[in-house]
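J.:
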Amino acid sequence: MCHILNLYRRTTWLHQALREGTRVQSVEQIREVASGAARIRGETLGIIGLGRVGQAVALRAKTFGFNVIFYDPYLSDGIERALGLQRVSTLQDLLFHSDCVTLHCSLNEHNHHLINDFTIKQMRQGAFLVNTARGGLVDEKALAQALKEGRIRGAALDVHESEPFSFSQGPLKDAPNLICTPHAAWYSEQASIEMREEAAREIRRAITGNVTCLTQQGQMDFSVDIALHPLYGLSGNLQAIGYPG
Numbered sequence: 001m002c003h004i005l006n007l008y009r010r011t012t013w014l015h016q017a018l019r020e021g022t023r024v025q026s027v028e029q030i031r032e033v034a035s036g037a038a039r040i041r042g043e044t045l046g047i048i049g050l051g052r053v054g055q056a057v058a059l060r061a062k063t064f065g066f067n068v069i070f071y072d073p074y075l076s077d078g079i080e081r082a083l084g085l086q087r088v089s090t091l092q093d094l095l096f097h098s099d100c101v102t103l104h105c106s107l108n109e110h111n112h113h114l115i116n117d118f119t120i121k122q123m124r125q126g127a128f129l130v131n132t133a134r135g136g137l138v139d140e141k142a143l144a145q146a147l148k149e150g151r152i153r154g155a156a157l158d159v160h161e162s163e164p165f166s167f168s169q170g171p172l173k174d175a176p177n178l179i180c181t182p183h184a185a186w187y188s189e190q191a192s193i194e195m196r197e198e199a200a201r202e203i204r205r206a207i208t209g210n211v212t213c214l215t216q217q218g219q220m221d222f223s224v225d226i227a228l229h230p231l232y233g234l235s236g237n238l239q240a241i242g243y244p245g
């Protein structure tokens, strides 16, 4: 939502203009500074992928006044009625009807470069594009060209085809009306603490002999034979010095 709002209200560019000394004092200056900004209420937001994150974005976007449509061929019918959204049956329908397209789907062999020169041409002239899902979903070369030609009014990317991302390399280095962040959608002080706590819990499971094994079929818990894996014998010593058992 941060990137969507930033594109619509051009917060990043307005901040930069003030830092550079721009003083808005006339009607002409207001017109110039407001160029590219748009009202949100009544705009159509198209969501590709309505999983946990996609649903969270949809509900928040409705609060801001967006009409929300989505495309997700893997969801069963009925969720659109439960959430008060409009479902479209094809990607082309979503691109054609959306003022802003936001990606919230996983990356697989079937949707690599889902947003490419062909699909960009199916978007509305001057639409916005946001990607906080997976970098490989967007052909950055095609996106850069569309931004330069004005076919896309603005784009915001939190993920990139090559990470860590650098503006000095790749096709996006001189693309206009582009916001890039370093895969930071989850960044917060709370998330940083939770990440360390979860890592500690996983270490605890390992040294106490309860390891979670991820398989293609799902999750399977199994106990490790301490006789075969002496490392797990450390659990007794750790408990002796106060580590929770």
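Start counting the sequence shown at 1; every next residue gets the next number (the UniProt record's numbering).
Every residue gets a Cβ at the ideal spot worked out from N, C-alpha and C, and that includes glycine.
In or out: residue 126 buried (at least 16 other Cβ within 10 Å) or exposed?
T.: When all chains shown are included, residue 126 counts as exposed.
J.: Under a three-way DSSP split, which group does residue 217 fall into?
T.: Annotation note: pLDDT 49 at residue 217 (below 50); position unreliable, coordinate value reported separately. Coil, per DSSP.
J.: Using the rule of at least 16 other Cβ atoms within 10 Å of the residue's Cβ for burial, across every protein chain shown, is residue 15 buried or exposed?
T.: Exposed, since its Cβ has fewer than 16 Cβ neighbours within 10 Å.
J.: Check residue 184 in the structure and name its three-state DSSP category.
T.: Reduced to three states, the DSSP call for residue 184 is coil.
J.: Look at the alpha carbon of residue 81 and the alpha carbon of residue 58, and state the distance between them as a whole number of angstroms.
T.: Looking at the two C-alpha atoms, the distance is approximately 13 angstroms.
J.: I'd like to know whether the C-beta atoms of residue 116 and residue 147 end up nearer to each other than 9 angstroms.
T.: No, the pair does not count as a contact, with Cβ atoms beyond the cut-off.
J.: Should residue 18 be labelled buried (16 or more other beta-carbon atoms within 10 Å of its own) or exposed?
T.: Counting Cβ neighbours within 10 Å, residue 18 comes out exposed, since fewer than 16 surround it.
J.: Secondary structure at residue 40, three-state DSSP: helix, strand or coil?
T.: Here residue 40 sits in coil by DSSP.
J.: Out of 132, 47, 13, state which residue places its alpha-carbon closest to the alpha-carbon of residue 90.
T.: Taking only the C-alpha atoms, the option nearest residue 90 is 47.
J.: Return yes when the Cβ of residue 123 is within less than 9 angstroms of the Cβ of residue 152, no when it is not.
T.: The answer is yes: Cβ separation under 9 angstroms.
J.: Hey, quick one: how far does the beta strand (DSSP E) through residue 131 stretch, first residue to last?
T.: Looking at the DSSP string, the run of the beta strand (DSSP E) that includes residue 131 is 127-131.
J.: Hey, how far is the Cα of residue 206 from the Cα of residue 65?
T.: Cα-Cα distance, rounded: 48 angstroms.
J.: Could you name the residues of the same chain whose beta carbon sits closer than 6 angstroms to that of residue 7, not counting the 5 residues immediately before and after it, in chain order?
T.: The residues are 128, 154, 156.
J.: Buried or exposed: residue 161, going by 16 or more other Cβ atoms within 10 Å of its Cβ?
T.: Label assigned to residue 161: buried.
J.: Answer yes or no: do residue 107 and residue 133 have a C-beta to C-beta separation smaller than 9 angstroms?
T.: Going by C-beta atoms, residue 107 is nearer than 9 angstroms to residue 133.
J.: Considering only residues of the stretch 102-171, which uninterrupted beta strand (DSSP E) runs meet the minimum length of 3 residues and lie entirely inside it, listed in chain order?
T.: Qualifying beta strand (DSSP E) stretches, in chain order: 127-131, 152-157.
J.: Can the beta-carbon of residue 4 be found less than 9 angstroms from the beta-carbon of residue 50?
T.: The answer is no: Cβ separation not under 9 angstroms.
J.: For residue 74, does the three-state DSSP call read helix, strand or coil?
T.: Coil, per DSSP.
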